[in-house]
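To start, the structure under review is shown below, and the notes come after it.
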Amino acid sequence: MRNREARSLDDLVRPDAVNARVYSDPALFRTEMHNIFTRSWNYVGHASQVPAAGDFFHTQVARRAVIMMRLDDGDIRVLRNRCGHRGARIVTARNGHCNVLRCPYHGWTYHPDGRLKSIPLPDGYADTGLDVNDPGQRLPALRIANYRGFVFARLSRTGPAFEDWLGDARRALDNMVDRAPDGELEVAGGCLRAIQRNNWKVYLENLHDGMHPAVVHQSSIAASQAQQRRALAETGEVPLPVQIVQGNAQSLRELGALEVSCYAHGHSDMRGFREPRSNDTVFADYQAALEAGQGTDNATATLDLNIHNANFYPNFSVHPSFMQVRVLFPLAVNRTLIEHWTLRLKGAPDAFNRRNIVYANTVHSPSSLIKPDDLEMYRRVQDGVTEGGGLWISNHRRGDGEAGDGAHSSALSEQFIRNQYGAWRDYMDAPDAR
Ligand code: FES
Ligand SMILES: [Fe+2]
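In terms of this note's numbering, the sequence shown opens at residue 261 and continues consecutively.
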């Protein structure tokens with residue numbers, strides 16, 4: 261950062277509070293995009309989205325369009341989606357298959373690994389200084405890491421090494437893969453997308469917030485209680501969506517008993533408060549398949565680790581027990597796109613995988629009973645912070661514990677938010693980002 265900005269960081273972030281400007285200042289947002297999003301590891305997609313050579317998936321990393329591409333040798337590349345001629349987007353489809361990437365403007369073509377393949381009428385470039393064989397003419401490839409099928413990319417040459425960045429937070433991803441009887445995951449269908457009217461950090465700061473469900477989700481809790489009474493009277497069973505909504509009805513004492521763990525680089529995870537185990541045949545069939553595939557001891561240890569949300573700062577969050585993947589794309593200082601994907605456990609009964617789709621529709625769909633409650637609160641926070649820089653946002657709750665790698669607290673603490681701001685400071689203030 262420039263010196264003036266570096267000095268101003270002390271005016272923006274205190275150990276237990278942050279100035280409202282960090283959510284509303286467009287200049288700070290641009291600095292965040294460069295210092296945080298280009299220098300950290302961003303989740304790009306799941307390897308199962310490009311199963312065969314030539315398959316591609318089109319998305320964004322740090323507000324740059326990128327193409328995740330499967331090559332003939334099985335490797336995955338993440339390429340900038342920008343033609344080397346005049347900069348046109350080469351791909352606009354969300355996903356597809358091609359043997360060659362052909363720019364739709366003047367027809368330059370590229371190999372799937374990004375090398376320039378051909379230019380129409382190449383004689384026109386003789387003695388012009390543009391060498392069509394120059395490796396610099398290729399589509400730039402991002403640094404990538406494929407962790408058990410989860411593909412991450414970093415745009416900048418500088419920033420943390422992947423293994424260091426992921427650290428012990430990896431246990432949530434391990435737990436997801438370990439839940440698959442065949443040891444593999446794959447994306448199930450498309451995704452739910454919602455543009456939120458809030459700064460990107462507002463979303464991440466909600467994901468272990470145990471203080472909010474009883475208040476924000478009061479109406480859906482009340483509705484589900486009525487449904488539960490009716491269902492029990494009529495059938496003696498409570499439908500899964502009702503059980504899921506009821507999870508928000510837990511007392512503050514119960515939520516206070518849920519452990520939240522912090523990791524380096526702003527990551528964190530939280531113990532689950534919805535019980536993914538159940539006494540029905542669907543779960544029994546799944547457990548039998550998992551035990552057959554992974555062994556009884558491994559299956560038990562895997563199912564015992566019930567993580568509700570795990571955040572990988574700054575753009576990725578998963579819910580391991582219900583196979584949910586959330587990808588965060590900052591669009592502007594007050595606009596954030598979130599995509600919700602559900603993963604399928606290979607080797608699990610279809611009925612068990614459908615439960616995770618039910619979870620997505622019940623909790624993450626913009627038309628669910630739950631999601632609009634959160635979106636409305638995020639919007640109200642954004643309205644408040646946009647009014648002026650004099651406001652300080654409190655991160656005091658349970659302020660006695662140090663934030664940082666290995667710190668533990670509960671779902672009633674704001675320690676994980678302080679941990680995120682520790683990472684925010686480190687990224688914003690890094691010498692190699694200036
Ligand atoms: S912009 Fe791509 S070929 Fe001209
Ligand atoms: Fe919520």
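Yeah, the Cβ is synthetic: ideal placement off N, Cα and C, and Gly gets one too.
The beta strand (DSSP E) enclosing residue i, as first and last residue numbers
i    : result
Y303 : N302 to H306
E446 : L445 to V447
Q456 : L452 to Q456
G682 : Note, G682: premise wrong, no beta strand (DSSP E); alpha helix (DSSP H) at Q675 to D689.
E599 : R595 to L605
N355 : N355 to H357
H668 : H668 to S670
W652 : W652 to S654
Cβ-heavy atom distance, residue i to ligand 1, below 7 Å
i    : result
R346 : yes
H366 : yes
C343 : yes
C522 : no
C363 : yes
Contact set for residue i: own chain, Cβ-Cβ below 8 Å, skip 5 residues either direction
i    : result
V542 : P609, A611, F612 and R615
I336 : A307, V310, M328, M329, R330, I404, N406 and V411
L588 : W460, Y463, L464, P574, N575, F576, S577, T596, L597 and I598
V618 : L500, P501 and I504
C522 : S528, A663, G664, D665, G666, A667, H668, S669, Q675, F676 and N679
K215 : Because the chain in this structure spans residues 261 to 694, residue 215 falls outside the shown range and cannot be described.
N263 : The predicted model places N263 with a pLDDT of 49, which falls under 50 and marks its position as unreliable; any figure quoted below should be read in that light. So no residue of the chain qualifies.
V593 : Y283, S284, D285, P286, L288, F289 and N459
N359 : G314 and P372
N-terminal and C-terminal residue of the alpha helix (DSSP H) that residue i is part of
i    : result
D610 : D610 to Y619
V462 : W460 to L464
A277 : Here A277 belongs to no alpha helix (DSSP H); instead the beta strand (DSSP E) covers A277 to N279.
G644 : K631 to V645
F289 : P286 to E292
N295 : N295 -> no alpha helix (DSSP H), and no H or E assigned at all.
A432 : R431 to D438
Nonlocal neighbours in the same chain, by C-beta distance under 7 Å from residue i, ignoring five residues either side
i    : result
C343 : I350, C363, Y365 and W368
S378 : T369
R324 : R340 and L415
L467 : N569, N571 and S577
A266 : Note that A266 scores a pLDDT of 49, beneath 50, so its modelled location is shaky; the value from the coordinates is reported in the next line. These residues qualify, in order along the chain: D689.
A683 : H525, G526 and Y573
A559 : Q547, L550 and E551
A313 : R330, L331 and D332
D634 : N466 and V476
A620 : L452, Q584, H600 and T602
F422 : W301, A405 and F412
Cutoff 6 Å; reference residue i; Cβ partners in own chain excluding five residues on either side
i    : result
T622 : P501, I504 and S628
A488 : Note that residue 488 corresponds to Gln in the displayed sequence, not to Ala. If we look at Q488 and ignore the five residues flanking it on each side, its Cβ neighbours are V498 and V502.
G374 : L339, R398, L399 and A401
G317 : Sequence inspection shows Phe at residue 317; the Gly mentioned does not correspond to that position. For F317, where only same-chain residues beyond five positions count, the Cβ hits under 6 Å are G305, Q309, V310, M328 and N355.
W425 : W301 and H525
G427 : Y523 and A524
V645 : A280, Y283 and S284
G470 : L515, A671 and L672
D692 : T418
Residue i beta carbon near ligand 2 (any heavy atom closer than 7 Å)
i    : result
T668 : It is His, not Thr, that sits at residue 668 in the sequence shown. It does not: the Cβ of H668 is nowhere closer than 7 Å to a heavy atom of ligand 2.
P626 : no
D391 : no
H472 : yes
N613 : no
V476 : yes
D634 : yes
N466 : yes
task: Taking 8 Å as the threshold, find out whether the stretch 675 to 687 comes into contact with the stretch 650 to 663 through three or more Cβ pairs.
output: Yes: the two stretches touch, three or more of their Cβ pairs being nearer than 8 Å.
task: Within the stretch 377 to 426, note down every full alpha helix (DSSP H) run reaching 4 residues or more, in order along the chain.
output: 422 to 426, all fully within the stretch 377 to 426.
field: the stretch 550 to 562 touching the stretch 439 to 447, judged by at least three CB pairs closer than 8 Å
entry: By the Cβ test, the stretch 550 to 562 is in contact with the stretch 439 to 447, since at least three Cβ pairs between them sit closer than 8 Å.
message: Which runs of the alpha helix (DSSP H) at least 4 residues long sit entirely within the stretch 543 to 589? Give them in chain order.
response: You should have 556 to 564.
field: Residue ranges of each alpha helix (DSSP H) within the stretch 314 to 350, 4 or longer
entry: Annotation note: the stretch 314 to 350 contains no uninterrupted alpha helix (DSSP H) run of length 4 or greater.
task: Give a yes or no on contact between the stretch 373 to 387 and the stretch 294 to 302, applying the rule of three or more CB pairs nearer than 8 Å.
output: No, because fewer than three Cβ pairs between the stretch 373 to 387 and the stretch 294 to 302 fall closer than 8 Å, the two stretches do not touch.
Runs of beta strand (DSSP E) wholly within the stretch 470 to 542 (minimum 3 residues, chain order): Residue ranges of uninterrupted beta strand (DSSP E) with 3 or more members, entirely inside the stretch 470 to 542 and ordered along the chain, are 519 to 522 and 528 to 531.
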